[in-house]
Structures are given as structure tokens and as C-alpha cells.
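**Q**
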Amino acid sequence: MIQVSNLRKQFGDTEILKGISFDVPDKSILGIIGASGSGKTTLLRCLNGFETINGGTITCGNIKLEAGISATDYKRRVRDLRLKVGTVFQHFYLFPHLSVVGNIIEAPVHVLRTAKKSAEKEAYELLESVGLEHTARRYPESLSGGEQQRVAIARALAMHPALLMLDEPTSALDPRRIGSLRGLLRGFVEKGQTMIIISHSIGFLGGVSDNLLYLEGGLVVEYGPTDQVLNSPKDPRVKDFIAQAE
Amino acid sequence: MLIRLRKIIWLLSATLLIHAHVHAQKTLRWGADPSGGAPYVYTDPGNPDQYIGYEKDMVDALANAMGRKAEFVPSDWETLVSALQRKSFDVIVNGLEPTGDRAQQIAFSNPYYIFQLQLTVRRDDNRIHSIDDCKDKVVGTLGNTAASRLLQQRNTPYRAYQDPVGAYRDLELKRIDAVVMDVPAEAFYARDNTKLKQAGPPFSRGAYVIGLRKGDDAFKAEVDTAIEKIITDGTLEQILKKWKLWNDAQVEFQASVKTKTQPAVALEVTNASFNWSEALLRLTKAALVTVLLALGSMVIAVVLGLPLALGQWNGPKWLRTLCTVYVEFFRGTPVLVQLLFLYFGLPVIGIAMPGWLTALVGLGLNYAAYESQVYRAALDAIPNGQWEASYSLGMSPLLAFRRIILPQAFRIALPPMTNDFVSLFKDTSVAFAISVWELATAYRELANASGQFLLLGLIVSIFYLAMSLPMAQVARWLEQRLRSRATERVEEVEVPA
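Below, the structure is given as C-alpha cells:
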């Protein structure tokens, strides 16, 4: 679905991503793990176009972002890419002036030009799938953190993204809810969704991801099927990280 | 040493004596409005620290006849009567007409000059030949004068000015259709103006008298004797001839004084026709003008403020600079000066807007600067994440701004905007400087005509409060709602996993 090849990003003289390659197979979850400062947030911001890459390529279907193309060309491709890549931000960023349903149908109605009626119908279905159909007419401020997160997931999914990215989805949740989030996300994967999840919680990622990528110092240190990375990591730094998490 | 000290003491006592002697000579302190006051009394253009005028010359002659020393107290026309009552000066000498309402407040001397009114129109105007042609025209004149009262009695729409210059300039600029003025002022300000012409002969005879405080009959007798003296001995005739104000009416009048007979022609006396129901009606109309002015200006401010805010917030450098210059200019200079500039300055380059439009545009431009800052602060208050969330959903910057950012910024900006509206509402009172008939102008004119400063002041205040208090209440309510929405959290709803 999405292929990243030799991706580089630097801010001034500091190189944050030093050549990163991976691909996410359809209907699977790639978990990207690493300590703070490892570059995982920058990686996510490159994948949805908030940062311009300095080297390598990002390919998603027929859209290809690469370094060296003109700024206007890059901008245009980023807009195309964003229609394929949905993002659930760490702090959700729901639109406070719109109701829950309003949040979900805003982009389908105004970007995809879906008829309001059918967009609403789908919004209710999505809300049902995240267990929040009763909150449809409420405003984000009256929702708990976990509920806001599920609305943000529904809002992103309403655009039918080929790839859904979640940034630190467990940071706003109390431990009891983490399990239910895992079930929710796996459910969407069963139905065909592809995802990238960024987290520093190896416990959560271990349980939800098909593949794991361990990032440190802007480089991929370990990358492979989740079992393999967790049970027989080749790199001692990954072993340490897992040991510390446990 | 001793001699020296003696000398000093001698000098000192001499100085004191001279001083005391000067004080011993009685003064004649006279009040008049010298601004735009030619040819009565006005600042000498060639010698700006001195006043000249035919009444200045006349008062000097009067003081001379009374054995007093004339002392001029520059004052404001509209408040001359109350200033006289406050003893700011001893007499009013300012082309004062003896009217019934003034007679209730002050006493009058015998007449010293017979004035007539002159109608002036633009040179190319062929519609107006006399005051009777002005029924549906707007006529300019000075406020609270014989002319303004005459117009009021005839139900002719008029606009009151504070000096003849403004009236004649607005006539040239086609803001009004005609001007009625006492002949002396007309002769000085309009007769040589090639763009204007006299419409018909002078009309409506009245007398100028000297205004005195009531109750001092001895002083009144002294003044009347002096007037008779300067008429009888030809001093006044000389003065009037010097000022080109000598005419048939004066010949006739002075002859009657000299022979101690009644003047052949009866003098017309106009009275301020003040009644409360009419005053309240006019105040209500003025209040309506105030409301419309405030609403209209606010619309301009709200609409114009947005591009200003956007330019300053996210424009290219040149645009940002331009917007900042605009904002700082309009916030850094008084709105009164801006209005005067628009009203008097712009006609120089050919843009002559009527007063109400000037006030509307001027206040709108001014408040746009303030609204832009309200918007800017509101836009800054929207977290960057709102933009990123919009972009990540595929929205264009314009769509994100229109659908996501602006509605949120508007909610933040609404309470301060409402507050600004309340102050704009009060700021409409500066429009009185350009003769727009709003509440403050109405108050000034009605109070001057009636002397009811206190009561009318209270009524006008109530008008203002009746309109601004509800607005302030709305602002408070909006603020509270915003604050409670920001902090309020409905109980978390437990959802089974």
C-alpha cells in the first residue's frame, strides 16, 4: 500500500531521518516504535505532508512524493496524498464548533462533495462501529478523551483513506481502555483497513501490529514481523528497550 | 547702602501706586465668539495675537464714553448667555438679537445696529430666488440665531453651523442648497466669492443689542447712555463706514435715535419656539440617526477589518506593512481629527461627501482598525492543530479557513466586537463636529435654544444608556457563554468496550 524508500529529512544541519525504508502491506498494521527523539513524529509528519522530505521517496498507489521536485508540484502531490492518508492526531484536534456528526461529515461533504444525506448516513454507521452513535449530536467538548479519539478515528475513516495513521493513540487513554482500542483497530483491519501506528508503548504495539519497526537516531534499527522483533531482536538496543518496557 | 534701599522702596511704592491707579479704572469686560466671527470680532489675520472687528471698535468707543477700559473675553457663541450669567464678563456684544427666550435669562441694552438677512446660493443655481423657494431645500445657517429661528418657524429644513465659513463651504460643495446669514457676515464671507451669488434682496429687519445681567439697572443706564452718545456724536457711523456696514437701514435707525423717535419700520423679533414634545420628537429622530450611524459604521468596520487582519496576519511582507500602517494610523490619531480631515480635507481633491456619509465612512474606517486587531487575536488563538486536522482531511487552505478557522475565531471575537460596538455607539457623538444631526448635536442645539442643559442632558443620557446598556449586557452574556463552554465538561459517558 505505502512504500517508503531511503527517506531523509533534515532541519537545518541536523538530520532527523537518515534514510528510512519500509512498506506496509494491505490490510495490516505497521507499528513504529522508538524512544522520544528517535524521529517517529517527524516520520509521521513526512508521511502526511506536513514536512517536506529532503531525500528518498514515499509512494502510495499512483502518488509519489520525492525530493527535488518543484514546490508547487510537491504541494499538489501532498494534497493528493492526504486524500489517501488519514491521520488521527495525538490530541485529536476535533473541530469544537461542530457536532460529532458535523466533524465526521465536514470533509466528505466539502472535499469529496458527497451528498449531505448519504454522508450523514455513513457517519452514523461509523459512529456505531466505534460505539458512539448516541453522541452524534453532542459537541466534542462534552466527550471524554477516549470518546474524542474514537470520533477522530471515525472522522478520518469517513474519507476512506487507503492508509490510516495514528499518532500515540494510547497516550490519552487509561489502561482499561487500551484493550478495547486494540479490538477496535483490529476490527477495522479485518474489514480491509491498512494502518500505521506510532507509539512508544511496546505493550500496545506488540498486541496490535502485524509488523514492527524500531526507530532510533533516525535509522531503522529493527524491522520485521511483530513476533520476530519482539522475541528474537537482532539488535541489542531493541532488546534493552523491550526489557525496560517489561 | 541706605540711599540705595530708599531708592528701592520709593520705586516699589511708585509701582504699587501706578498699579493701584490702573485698577481704579473700571473695566468693561465683553464676551463674544471670535472664531469665524468676522466682521464682528475676529483674529487679525495680519497680527494673530490681536482681535479686530467693527464691534471691537464699537466696544472701544463705548468703553471710552463710559470711562472704562475694554477687555475682550473670547467665548463660544452658543454658551454666551450662560457665561454672562456666570459673570465671565459684564456684557455680550456679538450681534445679539433680543428674543423673548433670552429676555427671560438676561437684560438687553437699546439697539445699536439694524441687521437684515441675506440668502446666498451657488452662482449656477436658478431654482432659488427667495427664502420661499427653499421649502424642500436644505438651508445652512448659524445655530441659535435669528436666521435659524426664522427657518424653523417657516418649517424650512436647515442645518446649523458654528461658523459662516463652514456653511458657505458646504454650499459650494453642494452639501446644502442655500445659506441664510446676517448681512454683516454675508458681506464679509460670501459677497466676493465668485462661486456664489445673492438670491434676492436682504430681508427681515432685526436689531443687535448688548446683553446684560438682569438686575443692574444703573449699569444698563450707563451702557444705553454710551450707545446714544456714540450714535449722536457720529463715532458709530464712522466705525460702520470703515467696515462698509453703513446702509439705509442704519441711516434711518440712527436718525430716529438722534430725534428720539420710534423707528419707522417695526423690527421683527424671532423667538425660539421650544416645546417639550417637539424636542423629544427631535431627540428621538437624532437617536435613530445615532443608531443607524453606529450600525452602518460597524458593518463597514466588521467587513473591512477582516481583510486587514488577514493581510497583517498572513500576507506578504509589503501587504503586512501596509495593513500595519493603516491600523497604527487609525488607532494612533483621534477619530475627531479623522472625521474633520474627511469632511474638510477630501473636498480639496474633489471628494465631497455629505456629513452623514462622512461620519459613516470615517467611523467605519476607524473601527476597522480596531476590529482587525480583534480578529487577529482571535485567529492567533486558534491552535495550529485545527489547521493540520483540516489539511489532513484533504481541505484546501481556503476551505479550512472558511469552514474551520473562521467560525471558531468569530466565536472568540464576538464578545470584544460587541464591546467595540458599544464604544462605537458612543463615539458617534464626534459626528457633531461635522454637523450631523445625531444625539450629541441635538443635545447641544436644543439645550442652547432652551437653556435646559440639565434636564435635556439627563434625557439624552437616558437615550444613550437605553441603547448601550442592552448591548453591553449582550457582550457580557456572550463572554460568559464562551467562558463556560471552554471550561464546561459534561460528565464522561461510560461506553461499554
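The listed protein sequences correspond, in order, to chains F and X. Quick note: the first sequence uses our numbering, first residue 851, plus one each step. Quick note: the second sequence uses our numbering, first residue 5, plus one each step. Quick reminder that beta carbons are idealized off the backbone N, C-alpha and C, glycines included. Given the structure is predicted, the values throughout are model-derived calculations rather than measurements.
1) Return the residue from the list F:Gly-887, F:Ile-883 and F:Ile-908 that minimises the CA-CA distance to F:Gly-869.
2) Under the DSSP definition of a beta bridge, which residues are partnered with F:Asn-1061?
3) Indicate the three-state DSSP secondary structure (helix, strand or coil) for F:Lys-859 in the structure shown.
4) Would X:Gly-315 pass as an interface residue toward chain F - the criterion being a Cβ-Cβ separation below 9 angstroms?
5) Starting from the beta carbon of X:Ala-381, find every residue of chain F whose beta carbon is closer than 9 angstroms, and list them in chain order.
6) Compare the Cα-Cα distances from X:Ser-427 to each of X:Ala-385, X:Gly-368 and X:Ser-472 and report the closest residue.
7) Do F:Val-854 and F:Leu-1013 have their CB atoms nearer than 9 angstroms?
8) Looking at the unbroken alpha helix (DSSP H) that takes in X:Met-70, where does it start and where does it end?
9) Alpha carbon to alpha carbon, what distance is there between X:Ser-400 and F:Ile-1028?
10) In whole angstroms, what separates the C-alpha of X:Ser-39 from that of X:Trp-81?
11) How would you write the range of the beta strand (DSSP E) that X:Asn-98 sits in, first residue to last?
12) Starting from X:Pro-206, trace the alpha helix (DSSP H) both ways and give me its first and last residue.
13) Just mark X:Thr-149 as buried or exposed, buried being the case when its beta carbon has 16 or more other beta carbons within 10 Å.
14) Could you tell me the distance, in whole angstroms, from the CA atom of X:Leu-397 to the CA atom of F:Thr-937?
15) Nearest-angstrom Cα distance between F:Glu-978 and X:Tyr-330?
16) Once you ignore the five residues that flank X:Leu-244 on each side, which residues in its own chain have a CB closer than 8 angstroms to its CB?
17) Measuring only between beta-carbons, confirm whether F:Tyr-943 sits less than 9 angstroms from chain X.
18) F:Arg-1005 and F:Ile-954 - do their beta-carbons sit closer together than 9 angstroms?
19) DSSP three-state label for X:Ala-501, please.
20) Take X:Gly-455 as the anchor and find which of X:Met-421, X:Ile-231, X:Ala-107 and X:Pro-52 has the nearest alpha-carbon.
21) Does DSSP put X:Glu-232 in a helix, a strand or coil?
22) Residues of the stretch 384 to 400 of chain X in Cβ contact with chain F at a cutoff of 7 angstroms, in chain order, please.
23) Would you say X:Ile-180 reaches chain F, if we count a Cβ-Cβ gap shorter than 9 angstroms as a contact?
24) So for X:Tyr-46, helix, strand or coil by DSSP?
25) Could you check whether X:Leu-154 and X:Pro-161 sit closer than 9 angstroms to each other, using their CB atoms as the reference points?
26) Can you find the residues in the same chain that come closer than 6 angstroms, C-beta to C-beta, to F:Ile-852, ignoring five residues on each side of it along the sequence?
27) As an exercise, report each continuous alpha helix (DSSP H) stretch of at least 4 residues that is fully enclosed by the stretch 122 to 207 of chain X, in chain order.
28) Just by C-beta distance, which residues in the stretch 415 to 429 of chain X are closer than 9 angstroms to chain F?
29) At the 9 angstroms Cβ level, is X:Ala-480 part of the contact set with chain F, yes or no?
30) Do three or more CB pairs link the stretch 299 to 310 of chain X to the stretch 366 to 376 of chain X at distances below 8 angstroms?
31) Closer than 8 angstroms, Cβ to Cβ, to anything on chain X: give me those residues from the stretch 1007 to 1025 of chain F, in chain order.
32) Nearest to X:Leu-350 by alpha carbon, out of X:Val-440, X:Val-365, X:Pro-338 and X:Arg-324?
33) Can you list the beta strand (DSSP E) stretches of 3 or more residues lying completely in the stretch 922 to 994 of chain F, in chain order?
34) Per the DSSP calculation, X:Glu-256 is bridged to which residue(s)?
35) I want to see whether chain X comes within less than 9 angstroms of F:Leu-1035, judged by CB atoms only; does it?
**A** Considering the structure as presented:
1) Here residue 869 of chain F refers to the residue found at position 19 of the first sequence. Of the listed residues, the one whose Cα sits closest to F:Gly-869 is F:Ile-908.
2) Your numbering for residue 1061 of chain F matches position 211 in the first sequence. According to DSSP, which records beta bridges pairwise, F:Asn-1061 is partnered with F:Leu-880 and F:Pro-1075.
3) Against the first sequence, residue 859 of chain F aligns to sequence position 9. Residue state for F:Lys-859 is assigned as strand, using DSSP reduced to three classes.
4) Locating residue 315 of chain X in the second sequence gives position 311, where the first residue counts as 1. By this cut-off, X:Gly-315 is not an interface position.
5) In the second sequence, residue 381 of chain X corresponds to position 377, counting from 1. Under the 9 angstroms cutoff, chain F gives no residues; its nearest Cβ is about 18 angstroms from X:Ala-381.
6) The residue you call residue 427 of chain X lines up with position 423 of the second sequence. Answer by Cα proximity: X:Ser-472.
7) To locate residue 854 of chain F, count along the first sequence from 1; it is residue 4. To locate residue 1013 of chain F, count along the first sequence from 1; it is residue 163. Not closer than 9 angstroms, so no.
8) For this step, residue 70 of chain X is matched to residue 66 along the second sequence. 58 to 70 is the span of the alpha helix (DSSP H), which, as asked, contains X:Met-70.
9) As a working mapping, residue 1028 of chain F is identified with position 178 in the first sequence. As a working mapping, residue 400 of chain X is identified with position 396 in the second sequence. Approximately 34 angstroms between the Cα atoms of the pair.
10) For the purposes of this step, residue 39 of chain X is identified with residue 35 of the second sequence, where counting begins at 1. For the purposes of this step, residue 81 of chain X is identified with residue 77 of the second sequence, where counting begins at 1. A direct Cα-to-Cα measurement between X:Ser-39 and X:Trp-81 gives close to 9 angstroms.
11) The residue given as residue 98 of chain X occupies position 94 in the second sequence. Residues 95 to 100.
12) Here residue 206 of chain X refers to the residue found at position 202 when the second sequence is read from its first residue. Neither: X:Pro-206 is in no alpha helix (DSSP H) and is coded neither H nor E.
13) As a first step, residue 149 of chain X must be located in the second sequence, where it is residue number 145. Counting Cβ neighbours within 10 Å, X:Thr-149 comes out buried, since at least 16 surround it.
14) Reading the second sequence from its first residue, position 393 is the one you call residue 397 of chain X. Reading the first sequence from its first residue, position 87 is the one you call residue 937 of chain F. Each residue's Cα considered, the two are about 8 angstroms apart.
15) Counted from its first residue, the first sequence places residue 978 of chain F at position 128. Counted from its first residue, the second sequence places residue 330 of chain X at position 326. Answer to the nearest angstrom: the Cα atoms are 53 angstroms apart.
16) As a working mapping, residue 244 of chain X is identified with position 240 in the second sequence. Tyr-58, Tyr-117, Trp-250 and Gln-254.
17) Within the first sequence, residue 943 of chain F is the residue found at index 93, counting from 1. By this cut-off, F:Tyr-943 is an interface position.
18) Indexing the first sequence from 1 puts residue 954 of chain F at position 104. Indexing the first sequence from 1 puts residue 1005 of chain F at position 155. Taking 9 angstroms as the Cβ cut-off, F:Ile-954 and F:Arg-1005 qualify as a contacting pair.
19) Translated into the one-based positions of the second sequence, residue 501 of chain X becomes position 497. Any answer about X:Ala-501 is weak, because its pLDDT of 37 lies below 50 and its placement is not dependable; what the coordinates show is given next. Correct three-state label for X:Ala-501: coil.
20) Translated into positions along the second sequence, residue 455 of chain X becomes position 451. Selection X:Met-421, X:Ile-231, X:Ala-107 and X:Pro-52 evaluated against X:Gly-455 yields X:Ala-107 as nearest (Cα-Cα).
21) Translated into positions along the second sequence, residue 232 of chain X becomes position 228. Note: X:Glu-232 maps to helix in three-state DSSP.
22) Taking 7 angstroms as the Cβ-Cβ cut-off, the stretch 384 to 400 of chain X approaches chain F at Gly-389, Gln-390, Glu-392, Ala-393, Tyr-395, Ser-396, Leu-397, Gly-398 and Met-399, given in chain order.
23) Taking the second sequence and counting its residues from 1, one reaches residue 180 of chain X at position 176. X:Ile-180 does not count as touching chain F.
24) Numbered from its first residue, the second sequence carries residue 46 of chain X at position 42. Strand.
25) As a working note, residue 161 of chain X is residue 157 in the second sequence. As a working note, residue 154 of chain X is residue 150 in the second sequence. Inclusion of X:Pro-161 and X:Leu-154 in the CB contact set at 9 angstroms is not warranted, their separation being larger than that value.
26) Translated into positions along the first sequence, residue 852 of chain F becomes position 2. Same-chain partners within the cutoff: Val-874, Cys-910 and Leu-1013.
27) Runs of the alpha helix (DSSP H) inside the stretch 122 to 207 of chain X: 150 to 157, 168 to 176 and 187 to 193.
28) Within the stretch 415 to 429 of chain X, the residues whose Cβ lies closer than 9 angstroms to some Cβ of chain F are Arg-415, listed in chain order.
29) By one-based count along the second sequence, residue 480 of chain X stands at place 476. Note on residue identity: the sequence assigns Arg, not Ala, to residue 480 of chain X. No, its Cβ sits nowhere closer than 9 angstroms to a Cβ of chain F.
30) Touching, per the Cβ criterion.
31) Against chain X - using a Cβ distance shorter than 8 angstroms - the residues of the stretch 1007 to 1025 of chain F are Met-1009.
32) Numbered from its first residue, the second sequence carries residue 350 of chain X at position 346. Here the closest residue by C-alpha is X:Val-365.
33) Correct list: 935 to 938.
34) What you label residue 256 of chain X is simply residue 252 of the second sequence in a count that begins at 1. According to the DSSP secondary-structure assignment, X:Glu-256 is paired through a beta bridge with no residue.
35) Start at 1 with the first residue of the first sequence, and residue 1035 of chain F comes out as number 185. No, because no Cβ of chain X sits closer than 9 angstroms to the Cβ of F:Leu-1035.
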